[in-house]
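Let me begin by presenting the structure, written as C-alpha cells, before commenting on it.
There are 2 protein chains.
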Amino acid sequence: MNRQWLYANPPRGKLAAETFQWHEAPIPQPRDGEVLVRTRMLSLDPANRAWMMGKTYRDALEPGQVMSGFAIGEVVESKSAGLTPGDIVEGDWGWQDYAALPAARLTQRTIAAPLELLIGPLSVTGLTAYFGLLEVGQPKPGDTVLVSAAAGAVGSMVGQIARLAGCRVVGTAGGQDKCDWLARELGFDAAVDYKAAGLRRAIAAACPGGVDVYFDNTGGPVLEAALSLMNLRGRIVCCGNVSQYDVERPAPGPMAVPGLVVTKRLRMEGFIVMDFYDQRAEAERRLKRWVDEGRLKAIVDMVDGLEKAPEALIGLFEGRNRGKMAVRVG
Amino acid sequence: MNRQWLYANPPRGKLAAETFQWHEAPIPQPRDGEVLVRTRMLSLDPANRAWMMGKTYRDALEPGQVMSGFAIGEVVESKSAGLTPGDIVEGDWGWQDYAALPAARLTQRTIAAPLELLIGPLSVTGLTAYFGLLEVGQPKPGDTVLVSAAAGAVGSMVGQIARLAGCRVVGTAGGQDKCDWLARELGFDAAVDYKAAGLRRAIAAACPGGVDVYFDNTGGPVLEAALSLMNLRGRIVCCGNVSQYDVERPAPGPMAVPGLVVTKRLRMEGFIVMDFYDQRAEAERRLKRWVDEGRLKAIVDMVDGLEKAPEALIGLFEGRNRGKMAVRVG
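Taken in order, these protein sequences are the chains called S and Y.
The first sequence begins at 1 in this note's numbering and counts up by one.
The second sequence begins at 331 in this note's numbering and counts up by one.
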C-alpha cells in the first residue's frame with residue numbers, strides 16, 4: 001500500500017488540517033526509464049506553503065494532487081540504466097511512501113553522509129544558505145550580517161556560515177528562548193526577538209555599526225527595519241518572504257522600497273538555489289568538511305512518521321521548529 | 331544686489347508658493363580660496379523636493395537657508411589659484427544670482443558646449459541616465475527596457491540611450507500627448523499613459539516579451555506593475571521615487587517586494603550618479619558625440635528668470651515639463 005497525503009483544500013489564510021487529506025493507493029509500477037523510489041525522509045519548507053499561492057519558480061499546486069515536497073529516498077526497483085536498487089536519490093515526489101518516476105527527475109546522492117546531513121546542511125537548505133550568503137550577499141570579514149528566521153533551517157546555516165566567513169552575526173527569531181539558543185549554541189553575536197516591542201530599536205542596538213548584508217527569509221517588518229539600518233552599498237539577499245506566505249492577503253511591501261534603495265545605493269537581489277548548481281559539488285565538499293570539523297552544526301528537527309507531516313508543516317508556520325524540519329518516513 | 335529664493339516653510343503635502351520666500355541681500359565678497367560665481371542657469375530636479383523630506387545622500391534642507399539646487403555659473407572674481415574670471419563652473423549653490431564659495435566645491439566645465447547641453451545631456455541629469463542604464467541596468471541588445479517618467483529629464487535620456495544600445499524601449503508618462511511625443515520625437519517603441527485606467531495591462535501589451543530592465547524614476551504603481559512583468563533575472567534600476575516625494579505621507583512599498591524579487595531572481599539596485607564619477611570624462615565624450623551626430627536629442631524645458639523658479643518646480647511635480655527643466659538666470 002502507498003500511503004499519501006493529498007493537497008485537498010487550498011487554504012484561505014492559515015494552513016489547517018483540512019488542507020490535506022489522507023489517501024491510500026496501490027504501490028505504482030515503474031515503466032521503462034523509470035524507477036520506483038521508497039521515501040526515507042521528507043523536507044518540510046516554507047516554500048511548500050508558497051507553492052499554494054500561485055505560480056512561482058514552479059507551477060502552483062493543484063487540489064487533488066499528492067502534496068509536493070522535496071524528499072530523500074532509496075531506489076527499490078529500476079527500469080533505468082542509470083540507477084540501481086539501493087541508490088539514494090533526492091527529488092520532489094511529495095508526501096507519499098512510494099513514487100515511480102523517470103530517472104531524469106531524480107538526483108543521485110553519492111556523498112557518504114547520514115540521511116540527517118543529506119536532508120539538512122548538504123541539501124537544498126544548506127546550499128541555499130551557502131550560495132545565498134556567499135554568492136549573492138558577498139560578505140567581507142568584519143561585515144555585520146543580519147539574518148531573519150535565524151532559528152529556521154536556512155537561517156541557522158546562514159548565521160554559522162557568516163561566522164566562518166569572519167562576520168559579526170545578528171539574527172531575529174520568535175521568542176527569547178530561541179534567541180538565547182542562537183547565541184549559546186550557534187555562536188550568534190546577538191539575537192533579537194521579532195515578536196517583542198521595539199523591533200527596529202532592538203536590531204539597531206544589536207548592530208551598532210549598521211548592517212552590511214541582510215539575509216531576508218521573511219520580508220515584512222524585519223525587512224522594513226533592516227532597510228533603515230543598512231549601510232551604504234549594503235546587500236539584501238532576498239531568499240524568502242515567509243511572513244507573507246501563511247496569510248489570506250499579503251501586506252504591501254516595506255515603505256522604504258524603493259526610497260532607501262536609492263539613497264543608500266542598496267542592492268536587493270533574489271535568487272533560487274538551483275541557479276548555482278554548477279558549483280554544487282564544491283559547496284557540498286566545503287559544507288561537509290565544516291560539519292566533519294565540528295565548525296558547522298547540523299540542526300535537524302526530526303518528526304517521525306508520514307502521518308505527522310501536515311501537523312509538522314503547520315507547526316513550522318507557528319515557529320515550533322529549530323533548524324531544518326524533516327519527517328522520517330521509512 | 332543678490333536676489334535669492336529662501337526655503338522658508340517646509341511643505342506638508344504638496345509644494346506651494348509659500349514654501350519659498352523672495353529675499354534680496356548684498357552681493358557677497360569672496361574670501362581667500364573662494365571665488366564669486368554669477369549664476370547662469372539653475373537645474374530643477376525632483377531631488378530638490380526629496381531633500382525637504384529628511385536626510386538622504388545629503389543633509390536635509392533647513393528652513394531659512396537659500397534654496398538648494400544644482401547650477402551652472404561663471405566665475406566673476408577669484409581668490410583661488412585654480413579658477414579665473416570667465417570660467418564656467420557647476421555646483422550646488424542654490425537659487426540666487428551670486429555665491430561666494432571655495433573652489434573645492436565647484437567643478438570647472440571645460441567641454442566646449444552651449445549651456446543648454448551643460449545643464450542637460452552633459453549634466454548630472456545626463457550622466458544619471460547614462461550610468462544608471464548602462465552600468466546598473468546592464469542592458470543587452472534586444473532587451474526590453476521600460477522607463478518611468480519617460481518624458482522627464484532623466485527618463486527622456488534613458489529611453490534614447492537604450493535605443494542607441496539596441497534595446498526595445500517603452501516609457502510611461504502622464505497623458506496621451508506626452509506619450510505621442512515620446513514615440514514621435516524620441517523614438518520610443520511604445521509609451522503608456524500612467525494616468526489612464528488599466529496601467530498593468532497597458533504596460534503588458536506594450537512589452538509582449540516582458541521587461542528585462544526597468545529604470546525606475548517613480549516608485550509607486552508603475553514599479554508595482556513593472557515587478558509583475560519583469561523577466562527572470564531582470565534588473566530594476568532604482569533611480570528615484572518621485573511618486574512619493576510631493577506627498578504628505580509616502581505610501582507603502584509595492585506588494586510584490588520581496589516576493590517577486592525572490593521568485594524571479596530580480597536585482598533591484600539603487601545608485602547615485604557621483605558613484606560613477608571616475609568614468610565621467612568618457613561618459614561626457616560619448617554623450618556629446620551622440621548629440622553632435624544627431625542621435626541624442628537634448629530636450630530642455632527652459633524657463634526665463636530667477637523669479638519663476640518656485641512656480642517651475644511646482645510645475646515639475648504637476649508634470650508640466652518635457653525633458654530637462656531649467657531656469658535661465660543671467
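By construction, the Cβ of each residue, glycine as well, lies at the ideal position given by its N, Cα and C atoms.
Along the segment 180–266 of chain S, the alpha helix (DSSP H) occurs as fully enclosed runs of 4 or more residues at 199–206, 220–229 and 259–263, listed in sequence order. In the structure shown, Y/Lys-344 falls within a coil segment according to DSSP collapsed to helix, strand and coil. Around the C-beta of Y/Pro-584, 16 or more other C-beta atoms lie within 10 Å, and the residue is accordingly described as buried.
Between the alpha carbons of Y/Asp-422 and S/Asp-216 lies a distance of about 38 Å. Taking a Cβ-Cβ cut-off of 8 Å, the neighbours of S/Pro-254 in chain Y comprise Pro-582, Gly-583 and Val-587, given in sequence order. Across the structure, Y/Asp-389 and S/Ile-236 are spaced so that their CA atoms are roughly 25 Å apart. For S/Arg-109, the three-state secondary structure derived from DSSP is coil. Shortest Cα-Cα distance from S/Ile-72 to any of S/Pro-208, S/Ser-43 and S/Cys-179 involves S/Ser-43. Residue pairing by DSSP puts S/Met-302 in a beta bridge opposite S/Ala-326. Apart from sequence neighbours up to five positions away, the residues of its chain that approach Y/Lys-594 with a beta-carbon distance below 6 Å are Met-560 and Leu-562, ordered along the chain. Considering only S/Val-247, S/Lys-140 and S/Ala-129, the residue with the shortest C-alpha distance to S/Gly-270 is S/Ala-129. Scanning Y/His-353, Y/Arg-652 and Y/Asn-332 for the CA closest to the CA of Y/Ala-503 turns up Y/Arg-652. Just measuring C-alpha positions, the residue of S/Phe-20, S/Leu-36 and S/Thr-19 sitting nearest S/Pro-26 is S/Leu-36. Cβ neighbours of S/Arg-168 within its own chain (closer than 6 Å, five residues either side excluded): Thr-144 and Asp-189. Neighbours of Y/Thr-386 across chain S, judged by C-beta separation under 7 Å: Thr-263. Scanning Y/Ala-433, Y/Gln-395, Y/Arg-379 and Y/Trp-381 for the CA closest to the CA of Y/Glu-404 turns up Y/Ala-433. In the three-state scheme derived from DSSP, where H, G and I count as helix and E and B as strand, Y/Ala-429 is classed as strand.
The beta-carbon of S/Met-268 is placed less than 8 Å from the nearest beta-carbon of chain Y. Counting only the Cα atoms, S/Lys-324 lies some 11 Å from S/Leu-118.
Bridge partners of S/Glu-318 according to DSSP: none are assigned. Leaving aside the five residues that flank S/Gly-120 on each side, the residues in its chain whose CB is nearer than 6 Å to its CB run, in chain order, Ala-298, Val-300 and Lys-324. Following the DSSP letters along the chain, one finds Y/Met-383 in no alpha helix (DSSP H), marked with neither H nor E.
Of the candidates S/Leu-115, S/Ser-80 and S/Arg-109, S/Ser-80 places its Cα closest to the Cα of S/Leu-101.
Below 8 Å, enough C-beta pairs join the segment 203–214 of chain S and the segment 133–152 of chain S to call them touching: three or more. Distance from Y/Ala-480 to Y/Ala-513 at the Cβ level is roughly 10 Å; contact not present, criterion being Cβ atoms closer than 8 Å.
In this chain, the beta strand (DSSP E) harbouring Y/Glu-364 covers 364–374.
Note on the segment 448–504 of chain Y: whole beta strand (DSSP E) runs with a minimum of 3 residues are 474–477 and 498–503, in chain order. Distance between Y/Thr-414 and Y/Phe-400, taken at the CA atoms: about 21 Å. In this structure, Y/Gly-549 places its C-beta atom within 8 Å of the C-beta atom of Y/Asn-571.
The Cβ-Cβ distance between S/Gly-94 and S/Val-247 does not fall below 8 Å. Here Y/Cys-537 has Thr-474, Leu-476, Val-500 and Leu-559 as same chain residues with Cβ atoms under 7 Å from its own Cβ, once five neighbours each way along the sequence are excluded. Closer than 8 Å to the CB of S/Cys-238 there is at least one CB belonging to chain Y. Among the bridge pairs identified by DSSP, Y/Met-598 is matched with S/Met-268 and Y/Ile-566.
Not one beta carbon of chain Y lies nearer than 8 Å to the beta carbon of S/Gly-155. Looking at Y/Leu-457, Y/Arg-531, Y/Val-406 and Y/Asn-339, the one whose alpha-carbon comes closest to that of Y/Asp-608 is Y/Leu-457. The residue among Y/Arg-368, Y/Ser-398 and Y/Arg-370 with its C-alpha nearest the C-alpha of Y/Ala-380 is Y/Ser-398.
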